[in-house]
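Using my numbering, the final residue of the sequence shown is 355, and nothing's skipped along the way.
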Amino acid sequence: MDLLAHLEAYVVITEEGSFSAAADVLHIPQPVLSRRIKILEQHLGGDLFDRSRRQITSTDLGIQLLPHAKDVLSRVDHLHQMARTALASTAHALGVPPDCDPAALARVIRAGADRGITIGVHELSADDRAVGLADGSLAVALLRVPPEAAAYDVPLGLAAAKPLTGSFGRRSVHLESLRPRRGAGPAAAPAILLTGEDGIGFAAERFRKAAARAGLPEGRVRDVASVASAVAETLAGDALLLCAEPLALRYNLAWSALADPTLHRGYELAVATRRVGNPLVLDWLEPLLAEAIGSQSAAPYAQHDTRHDTSQGARQGTKPDAKPGTTNRADEPDQRARLAAHG
Numbered sequence: 013m014d015l016l017a018h019l020e021a022y023v024v025i026t027e028e029g030s031f032s033a034a035a036d037v038l039h040i041p042q043p044v045l046s047r048r049i050k051i052l053e054q055h056l057g058g059d060l061f062d063r064s065r066r067q068i069t070s071t072d073l074g075i076q077l078l079p080h081a082k083d084v085l086s087r088v089d090h091l092h093q094m095a096r097t098a099l100a101s102t103a104h105a106l107g108v109p110p111d112c113d114p115a116a117l118a119r120v121i122r123a124g125a126d127r128g129i130t131i132g133v134h135e136l137s138a139d140d141r142a143v144g145l146a147d148g149s150l151a152v153a154l155l156r157v158p159p160e161a162a163a164y165d166v167p168l169g170l171a172a173a174k175p176l177t178g179s180f181g182r183r184s185v186h187l188e189s190l191r192p193r194r195g196a197g198p199a200a201a202p203a204i205l206l207t208g209e210d211g212i213g214f215a216a217e218r219f220r221k222a223a224a225r226a227g228l229p230e231g232r233v234r235d236v237a238s239v240a241s242a243v244a245e246t247l248a249g250d251a252l253l254l255c256a257e258p259l260a261l262r263y264n265l266a267w268s269a270l271a272d273p274t275l276h277r278g279y280e281l282a283v284a285t286r287r288v289g290n291p292l293v294l295d296w297l298e299p300l301l302a303e304a305i306g307s308q309s310a311a312p313y314a315q316h317d318t319r320h321d322t323s324q325g326a327r328q329g330t331k332p333d334a335k336p337g338t339t340n341r342a343d344e345p346d347q348r349a350r351l352a353a354h355g
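The following block contains the structure:
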């Protein structure tokens, strides 16, 4: 028995003065309405209406219970309103990489507030963002994926306290150019630092293999615990930092992009499928997040089901005859179009 539906039927009949009018208000057949009242009367143990007269009137029991029935329905309406308000005011947890631009993240928060949406920004590792999205603790997250399968491409490069001699400092840098010359001292071979965002999974594996192919000793590539410690060591002049250009500019570091695009960062925006509540509309969020992570291109957003692997390599942007790890500049518009079509 749906007590609320039966109480609503009882209250509407008393307000409308007839079963037929109440049935019209409730948009249900009159026989259904009559059955609801009969069941409610059986449940309460007495008649609510005097049916011996032509005009429906309430019995003494009905008169006594009417204000209480209205109170119950009013409280339920209030409960529903409170639930809607709570859902609307609940912060949507957004998982982002630890080295995002704070000013750009502030614009994300303000843009959400302008739309009545509370955004809670959480700087998390790539693994923690994926876990948070899966368990529902995050509403939205930027997931790390291979750049050739990504909606957002973030060029990576090497940052240093000052431009180095040789090829470093040009528009792009090849890892081969970092091999120390014969007879050069240890200072000529500074360590290459990987922060947590680039020191995990496929990203770290790709970079370390590329460094090995370039002839760099394995010990030159080193993981660091935090962005702050990595920047500090780089500013001290003792290391090179693998990072995006906005981070280098933030700390006045010299920066050159890596020539190999397969070593760049790739991201896609994903929504938690298990989350309960109003869905977050993301069209306004895309360009702001692209700016925050330093992306120079963003394909149109497509919602990704977090129950599936978001890093599958189905969205390749290279032509069949292209060499692995190379990009034909003349083909870039076609590649971007294909990536955009796949989201």
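Just so you know, even glycine gets a beta-carbon here, dropped at the ideal spot from N, CA and C.
Which same chain residues end up closer than 8 Å to residue i when comparing Cβ atoms and leaving out the 5 residues on each side of it in sequence?
i: Leu168; result: Asp210, Leu254, Cys255, Ala256, Ala269, Leu270, Leu275, His276, Arg277
i: Lys221; result: none
i: Leu85; result: Leu16, Leu19, Glu20, Val23
i: Gly58; result: Thr71, Leu73
i: Thr69; result: Phe61, Asp62
i: Glu26; result: In the sequence as displayed, the identity of residue 26 is Thr instead of Glu. The answer, listed in chain order, is Ser70, Gly74, Leu78.
i: Ala103; result: Thr130, Ile131, Gly132
Quick check: what's the CA-CA separation for residue i versus residue j?
i: Cys112; j: Leu281; result: 15 Å
i: His18; j: Glu28; result: 15 Å
i: Leu261; j: Gln308; result: 15 Å
i: Glu375; j: Ala216; result: Lying before the first or after the last residue shown, residue 375 is absent from the chain, which here runs from 13 to 355.
i: Leu45; j: Ser30; result: 11 Å
i: Gly128; j: Arg122; result: 10 Å
i: Trp296; j: Pro229; result: 45 Å
i: Leu187; j: Tyr164; result: 24 Å
i: Ser241; j: Ala201; result: 19 Å
i: Leu145; j: Tyr263; result: 31 Å
i: Gly148; j: Asp36; result: 42 Å
i: Ala95; j: Ala302; result: 33 Å
i: Arg47; j: Thr97; result: 35 Å
i: Arg234; j: Ile204; result: 6 Å
i: Thr71; j: Gln42; result: 21 Å
i: Leu16; j: Arg63; result: 23 Å
i: Thr322; j: Leu38; result: At Thr322 the pLDDT is 37, less than 50, meaning the model places this residue with poor confidence and gives no usable figure here.
i: Ala218; j: Gly231; result: Before going on, a small fix: residue 218 reads as Arg here, not Ala. Near 16 Å, if we compare the C-alpha coordinates of Gly231 and Arg218.
i: Arg156; j: Arg193; result: 36 Å
i: Val152; j: Leu294; result: 9 Å
i: Leu214; j: Thr130; result: The residue asked about is misnamed: residue 214 is Phe in this sequence, not Leu. Those two C-alpha atoms are separated by around 33 Å.
i: Glu362; j: His92; result: Because the chain in this structure spans residues 13 to 355, residue 362 falls outside the shown range and cannot be described.
i: Asp140; j: Ser238; result: 15 Å
i: Leu247; j: His90; result: 58 Å
i: Leu154; j: Gly132; result: 14 Å
i: Ala142; j: Leu150; result: 9 Å
i: Ile51; j: Ala81; result: 15 Å
i: Arg65; j: Val88; result: 33 Å
Is DSSP giving residue i helix, strand or coil here?
i: Thr246; result: helix
i: Asp321; result: Any reading at Asp321 must be qualified, since the residue scores a pLDDT of 37, below 50, and its modelled position is unreliable; the value itself is stated next. Correct three-state label for Asp321: coil.
i: Ser46; result: helix
i: His39; result: coil
i: Ser137; result: coil
i: Leu155; result: strand
i: Ser189; result: helix
i: Ser86; result: helix
i: Leu16; result: helix
i: Arg327; result: Unreliable positioning characterises Arg327 in this predicted model, as indicated by a pLDDT of 31, which lies under 50. A coordinate reading is not provided.
i: Ala115; result: helix
i: Glu280; result: strand
i: Ser70; result: strand
i: Gly306; result: coil
i: Asp59; result: coil
i: Gly289; result: With a pLDDT of 48 at Gly289, under the threshold of 50, the modelled position of that residue is not reliable, and the figure given next carries that caveat. If DSSP states are grouped into helix, strand and coil, Gly289 belongs with coil.
i: Ile51; result: helix
i: Gly124; result: helix
i: Ser32; result: helix
i: Ile212; result: coil
i: Asp165; result: strand
i: Leu78; result: helix
i: Ile131; result: strand
i: Ala103; result: coil
Beta-carbon within less than 7 Å of residue i's beta-carbon, same chain only, minus the 5 sequence neighbours each way: which residues are those?
i: Gly249; result: Ala173
i: Ala304; result: Val108, Cys112, Asp113, Ala116, Leu117, Val120
i: Asp14; result: none
i: Ala162; result: Gly278, Tyr279, Glu280
Using a Cβ-Cβ cutoff of less than 6 Å, which residues in the same chain neighbour residue i once the five nearest sequence positions on both sides are dropped?
i: Arg191; result: Gly227
i: Leu252; result: Leu170, Ala172, Pro202, Ile204
task: Just list the alpha helix (DSSP H) runs in the stretch 220–277, keeping only unbroken ones of 4 residues or longer that don't cross its boundaries, in chain order.
output: 239–247, 257–262
task: Would you be able to state if there are at least three C-beta pairs under 8 Å between the stretch 134–144 and the stretch 106–123?
output: yes
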